[in-house]
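Notes to accompany the following structure.
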Amino acid sequence: MTVTPDRPTPTAAADSETPTIIDRFVAANRDYAVTFHDCGMDARPVQKIAVVACMDARLDLFAALGLELGDAHVIRNAGGVVTDDTIRSLTISQRALGTRSIALIHHTGCGLLGLTEDFRRELELEVGQRPQWAVEAFVDLDGDVRQSMQRVRTSPFLLHTDDVRGFVFDVHTGLLREIH
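Going by my numbering, the letters in the sequence shown line up with residues 552 to 731, in that order.
Structure follows, in structure tokens:
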């Protein structure tokens, strides 16, 4: 998959005097901390919801869903796929931190669409070790959302599976399309 950035992609500095993107994050954090006010929020999300979504940088979930800081747990990974680690996070979210609803959000133009397990084989050839994880690539976006909903609904670790809904976010229009 080739990605064409809209702005220059920061790279690691050739010398120690040129700031890296992480150096810029640290500087931005210092500016942020000057006006930061601890409002005493609890780790329990106010809206009692966990959102599982793709890590794609085009998805601004807080803006797209009308969320505020403290409203939801947001769990992101490549493809927004429900993996064992996603179930782990959802289980902690529900059992320890009180969430009751789960929204699953995949999106159009996902990098996992059409990727294959050959990715793992190529990686194994390159580094000499086979990854322990599956790529979880897919060719049917709606079908993968349904599979993710099924994985959540059938997990023995989750207490609340009656309000699980899946969506596809359109990266061109910003609209959600519900998958049944």
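Positions of the beta carbon are idealized from the N, C-alpha and C atoms, including for glycine.
query	result
Straight-line CA distance for G631 to T705?	17 Å
Quick one: Cα of N628 to Cα of V585, how far?	31 Å
When the Cβ atoms of the region 711 to 730 are set against those of the region 695 to 703, are three or more pairs found closer than 8 Å?	yes
State yes or no: is the C-beta of R651 within less than 8 Å of the C-beta of H711?	yes
Tell me the rounded alpha-carbon separation between T569 and M606.	28 Å
Assuming V690 and G649 are in contact, meaning their beta carbons sit under 8 Å apart, how far apart are those beta carbons, in whole angstroms?	Wrong, their Cβ atoms sit about 37 Å apart, outside the cutoff.
Cβ atoms of L709 and T642: under 8 Å apart, would you say?	yes
Determine the closest residue to L663 out of H624, I626 and A604, with distance taken between C-alpha atoms.	A604
Checking 8 Å against the spacing of the C-beta atoms, do H624 and A601 come in under that value?	yes
Measuring alpha carbon to alpha carbon, tell me which of V722, A578, D714 and I572 ends up nearest H658.	V722
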